[in-house]
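My numbering applies: residue 143 is where the sequence shown begins, and numbers increase by one. Ideal Cβ positions, reconstructed from N, Cα and C, are used throughout, including at glycine. Structure record follows, encoded as structure tokens.
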Amino acid sequence: MPESRPLDALFRPTALIAVILGGEALALILALGPGQPSGGRLVQFGLASLGVQWIALGTLCAIYLARKPLSKLSATMTAWICLGLLLSMTALVSGAASRIPGIVGESPGEDAAFVWRMLALALVVGLLGLLSFQNYWRATSLAVLAKQSELDTLRARVQPHFLFNTLNTGAALVRQHPADAEQLLLDLADIFRAALAGPRFSGLDQELLLARRYLDIESLRFGDRLRTEWDLPDVVPDAVAPTLSIQPLVENAIRHGIEPAPQGGVVTIALAVTGRDVRVTVRNSLAPPGAAARNGHGIGQSAVRARLEALPGAPGRLETDIGADRYTATVVLPLADALSRL
């Protein structure tokens, strides 16, 4: 899965709303500027608003149409091309506006002066916009690095206690059930391959397979105390998930719901498609009152939530709910075909 590209951020709903509101603010400044007749400021605001929105939205449309070739260029070259598109759209719109009677004065040369003023204003606004976007993208990149460090922390957390428990289980199975011991080691290898050397993102089917491998291992350790239920379709929907986004939730379910309960419990993993999203639910029964509680530091869920929110294209999310006798964690991911329309 490729990294999120800087241009993708321009076409998110919040960015589009910011562009429209910023254009209205600029139109208001132009209407309230010196040299405008006090009685016609409302008309001037309407005309300025129309022109600014044509320029802003027209530039965004041009960038959107050219987003694929632009994504292959360096960030600096892309920024200059976007600024050039803004100036070109400004010249086109202001040139057309200068031909409309009553928009510009009738004195000779005023048409050209009007276009040049608009170009100068667009240049200033464009440079300020590039600086703001550069700061935004730098902050976003730092946030992604922070989330990657959380993944590294999560990977480090997966290793110690789980590895020791699994090896102890494998050692106990070697003589009496060698086939089970062999399968346990194969499942363990798959989990640690993903934890130590996996990419940042993987397919949802791979994440579910990793969770199944983990449950297979824990089933050997807990025996009849761990009961699992799967409610999955025959074909898993095409969706991208952060690496290690389902397995930590399954681990939490066992650690806090099954392990403290003397009689064990049930872990349910279900998948459902709702609109353009796919929802993966991990549900576990709660330990009875008085059972020894397992204290956690919350790295698992917080890391999963942070990396879901950093998904490229469209963010995912983690929803949690605790009931009278069960705890539910739901990973919500955008479907791949929904991402392709963005």
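What separation, rounded to the nearest whole angstrom, lies between the Cα atoms of residue i and residue j?
i: Leu-273; j: Leu-351; result: 44 Å
i: Leu-189; j: Glu-252; result: 17 Å
i: Asp-358; j: Thr-385; result: 19 Å
i: Ala-136; j: Leu-158; result: The shown model of the chain, from 143 to 484, leaves out residue 136, and the question about it has no answer.
i: His-439; j: Leu-172; result: Any reading at His-439 is ruled out, since the residue's pLDDT is 42, under 50, leaving its predicted position unreliable.
i: Leu-477; j: Ala-255; result: 51 Å
i: Val-408; j: Ala-151; result: 42 Å
i: Leu-391; j: Arg-335; result: 18 Å
i: Arg-447; j: Leu-215; result: 32 Å
i: Pro-155; j: Leu-475; result: 18 Å
i: Asp-380; j: Asp-347; result: 8 Å
i: His-319; j: Pro-454; result: 45 Å
i: Gly-268; j: Val-257; result: 16 Å
i: Asp-129; j: Gly-312; result: Outside the modelled stretch of the chain, which goes from 143 to 484, sits residue 129, for which no answer is possible.
i: Leu-263; j: Arg-449; result: 40 Å
i: Ser-236; j: Leu-229; result: 10 Å
i: Ser-240; j: Ala-445; result: 55 Å
i: Ser-387; j: Arg-355; result: 14 Å
i: Arg-421; j: Leu-413; result: 6 Å
i: Leu-547; j: Trp-196; result: Nothing about residue 547 can be read from this structure; the chain reaches only from 143 to 484.
i: Val-161; j: Val-378; result: 38 Å
i: Leu-326; j: Glu-349; result: 18 Å
i: Leu-170; j: Ala-198; result: 15 Å
i: Arg-489; j: Leu-374; result: This structure does not reach residue 489, given that the chain is present from 143 up to 484, and the question cannot be answered.
i: Leu-174; j: Leu-270; result: 21 Å
i: Phe-187; j: Ala-353; result: 59 Å
i: Tyr-206; j: Asp-419; result: 24 Å
i: Ala-452; j: Cys-224; result: 25 Å
i: Pro-404; j: Ala-429; result: 8 Å
i: Ala-208; j: Leu-460; result: 34 Å
i: Gln-276; j: Trp-222; result: 13 Å
i: Arg-483; j: Val-415; result: Interpretation of Arg-483 is limited by its pLDDT of 49, a score under 50 that renders its predicted location unreliable; the figure taken from the coordinates is listed afterwards. Cα to Cα, Arg-483 sits roughly 17 Å from Val-415.
i: Leu-149; j: Leu-163; result: 19 Å
Tell me whether residue i is buried or exposed, calling it buried when 16 or more other Cβ atoms sit within 10 Å of its Cβ.
i: Phe-153; result: exposed
i: Gln-389; result: buried
i: Tyr-469; result: buried
i: Gly-165; result: buried
i: Met-260; result: buried
i: Ser-344; result: buried
i: Asp-467; result: exposed
i: Asp-376; result: exposed
i: Ile-242; result: exposed
i: Ser-213; result: exposed
i: Gly-465; result: exposed
i: Asp-463; result: exposed
i: Gly-417; result: exposed
i: Gly-226; result: exposed
i: Leu-202; result: buried
i: Ala-281; result: exposed
i: Ala-217; result: exposed
i: Ala-331; result: exposed
i: Leu-192; result: exposed
Helix, strand or coil for residue i per DSSP?
i: Leu-215; result: coil
i: Asp-380; result: coil
i: Pro-243; result: strand
i: Leu-368; result: strand
i: Ser-387; result: coil
Once the 5 residues before and after residue i are set aside, which same chain residues still bring their CB inside 6 Å of it?
i: Ile-396; result: Glu-360
i: Thr-410; result: Glu-371, Arg-425
i: Ala-471; result: Leu-391, Val-424, Thr-462
i: Gly-458; result: Leu-450, Val-474, Leu-475
i: Leu-168; result: Val-194
i: Thr-220; result: Leu-212
i: Gly-200; result: Met-231
i: Ala-204; result: Leu-227
What residues in its chain sit with their C-beta under 8 Å from that of residue i, if we drop five residues either side in the sequence?
i: Gly-406; result: Phe-364, Asp-366, Arg-367, Leu-368, Arg-369, Ile-400
i: Tyr-278; result: Ala-151
Which residues in the same chain as residue i place their Cβ atom closer than 7 Å to its Cβ, once the five residues preceding and following it in sequence are excluded?
i: Asp-322; result: Leu-315, Leu-362
i: Ala-233; result: Val-257, Leu-261
i: Ser-427; result: Gly-399, Gly-407, Val-408, Asp-467, Arg-468
i: Leu-265; result: Leu-229
Is there a Cβ of chain C sitting closer than 8 Å to that of residue i, yes or no?
i: Arg-342; result: The structure shown has no chain C; it contains just one protein chain.
Inset, instruction - Could I get the ranges of all uninterrupted alpha helix (DSSP H) runs contained in the region 398-482, with 4 residues as the minimum, in chain order? - result: For the region 398-482, whole alpha helix (DSSP H) runs of length 4 or above, ordered along the chain, are 441-451, 478-482.
Legend entry - Runs of alpha helix (DSSP H) wholly within the region 183-234 (minimum 4 residues, chain order): 183-207, 209-213
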